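Participant: Residue numbers (my numbering): 529 to 755. The C-beta atom is built at its ideal place from N, Cα and C for all residues, glycine as well. From a predicted model like this one, the values you see are computed outputs, not experimental measurements. The structure under discussion is supplied below as structure tokens; questions concerning it will follow.
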């Protein structure tokens, strides 16, 4: 049933919106190989935005060179909160869809997809929040569904620090990043004994509507400057 719904949604979007513009946002991601000594796998992702009749937005995330065998359709409400993610992947020649819904008031972590579509679900344009926030979210592995406790906190970082750590790359981002107010946002999962595990890290610029850099589970991604 879930696969059928995903297929129908894709078909409906193709009928209603047959023409799409060039990518609204482009991302380059580097993936670590699970095998030691192997080179990084570089993938370019195009985020193509389509306005929906209900005031929300659907973003089609496409692998530009079709290296990964996966894509995603991300659905946002009128306040730009991610409320549904349909993740597609190729399995033995067939495209399989995993569709999941998210609370607009909590971080959306796409733990089941290689697409860099994780979203903080916070007010935009970005403005710093000093206090730590905690959330209880549902996660699913296979058929098992459980509650995870997430902690979100951010801190300012200088342009020089972000540049030296590799979060900013002038060769990819050109004049996209301004030497103004930058913030690192970290999402951590609280495990047994209260131990915190880093789940997601993003770099944001104040007043922006999309992250500049993100890191998660062997993946590092940078938002590209517009051509």
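Would you kindly work out how many angstroms separate the C-alpha atoms of residue 638 and residue 735, rounded to a whole number?
Facilitator: Indexing the chain shown from 1 puts residue 638 at position 110. Indexing the chain shown from 1 puts residue 735 at position 207. Distance between the alpha carbons of residue 638 and residue 735: 25 Å.
Participant: With residue 772 and residue 614 assumed to form a contact (beta carbons below 8 Å), what rounded beta-carbon distance in angstroms separates them?
Facilitator: Residue 772 falls outside the range modelled here, since the chain spans only 529 to 755, and no answer is possible.
Participant: So what's residue 549 in DSSP terms, helix, strand or just coil?
Facilitator: Translated into the one-based positions of the chain shown, residue 549 becomes position 21. The predicted model places residue 549 with a pLDDT of 46, which falls under 50 and marks its position as unreliable; any figure quoted below should be read in that light. In the three-state DSSP reduction, residue 549 falls in the coil class, being neither helix nor strand.
Participant: Might you give, ordered along the chain, the residues of its own chain that have their beta carbon closer than 8 Å to the beta carbon of residue 661, omitting 5 neighbours on each side?
Facilitator: Reading the chain shown from its first residue, position 133 is the one you call residue 661. Excluding positions up to five away in sequence, the list reads 679, 680 and 681.
Participant: May I ask whether a heavy atom of the ligand ATP can be found less than 7 Å away from the beta carbon of residue 696?
Facilitator: In the structure shown, the ligand ATP is absent, as is every other ligand, since no ligand is present at all.
Participant: Have a look at the DSSP bridge pairing and note the partners of residue 678.
Facilitator: For the purposes of this step, residue 678 is taken as the residue at position 150 of the chain shown. DSSP lists 663 and 717 as partners of residue 678.
Participant: Would you report the Cα separation of residue 653 and residue 604, rounded to the nearest angstrom?
Facilitator: Along the chain shown, read from residue 1 onward, the residue named residue 653 stands at position 125. Along the chain shown, read from residue 1 onward, the residue named residue 604 stands at position 76. Going from the Cα of residue 653 to the Cα of residue 604 covers about 15 Å.
Participant: Given a threshold of 16 other Cβ atoms within 10 Å of its Cβ, counted over all protein chains shown, does residue 641 qualify as buried or as exposed?
Facilitator: Sequence index remark: in the chain shown, residue 641 carries index 113 (1-based). By the Cβ-count criterion, residue 641 is buried, with 16 or more other Cβ atoms from all chains shown falling within 10 Å of its own Cβ.
Participant: Can you grab the Cα-Cα spacing for the pair residue 726 / residue 596, in whole Å?
Facilitator: Stepping through the chain shown from its first residue, residue 726 is reached at position 198. Stepping through the chain shown from its first residue, residue 596 is reached at position 68. Annotation: residue 726 to residue 596 spans about 24 Å, alpha carbon to alpha carbon.
Participant: Residue 687 lies in the alpha helix (DSSP H); which residues open and close that run?
Facilitator: As a first step, residue 687 is located in the chain shown; it is residue number 159 there, counting from the start. Element bounds for residue 687: 687-692.
Participant: Going by the CB atoms, is the gap between residue 655 and residue 665 shorter than 8 Å?
Facilitator: Taking the chain shown and counting its residues from 1, the one referred to as residue 665 is at position 137. Taking the chain shown and counting its residues from 1, the one referred to as residue 655 is at position 127. The answer is no: Cβ separation not under 8 Å.
Participant: Let me know if residue 708 comes out buried or exposed under the rule of 16 or more other beta-carbons within 10 Å of its beta-carbon.
Facilitator: As a working note, residue 708 is residue 180 in the chain shown. Exposed is the call here.
Participant: Going by beta-carbon coordinates alone, are residue 649 and residue 602 separated by less than 8 Å?
Facilitator: Numbered from 1 along the chain shown, position 121 holds the residue referred to as residue 649. Numbered from 1 along the chain shown, position 74 holds the residue referred to as residue 602. Their beta carbons are not under 8 Å apart, which means residue 649 does not touch residue 602 by this criterion.
Participant: Identify every residue that forms a DSSP beta bridge with residue 748.
Facilitator: As a position in the chain shown, residue 748 is number 220, starting the count at 1. Answer is 558 and 743, bridged to residue 748.
Participant: Grouping DSSP H, G and I as helix and E and B as strand, with all else coil, what is residue 574?
Facilitator: Position 46 of the chain shown, counted from the first residue, corresponds to residue 574. Strand.
Participant: In angstroms, rounded to a whole number, what distance separates the CA positions of residue 558 and residue 658?
Facilitator: For the purposes of this step, residue 558 is identified with residue 30 of the chain shown, where counting begins at 1. For the purposes of this step, residue 658 is identified with residue 130 of the chain shown, where counting begins at 1. Whole-angstrom Cα-Cα distance: 30 Å.
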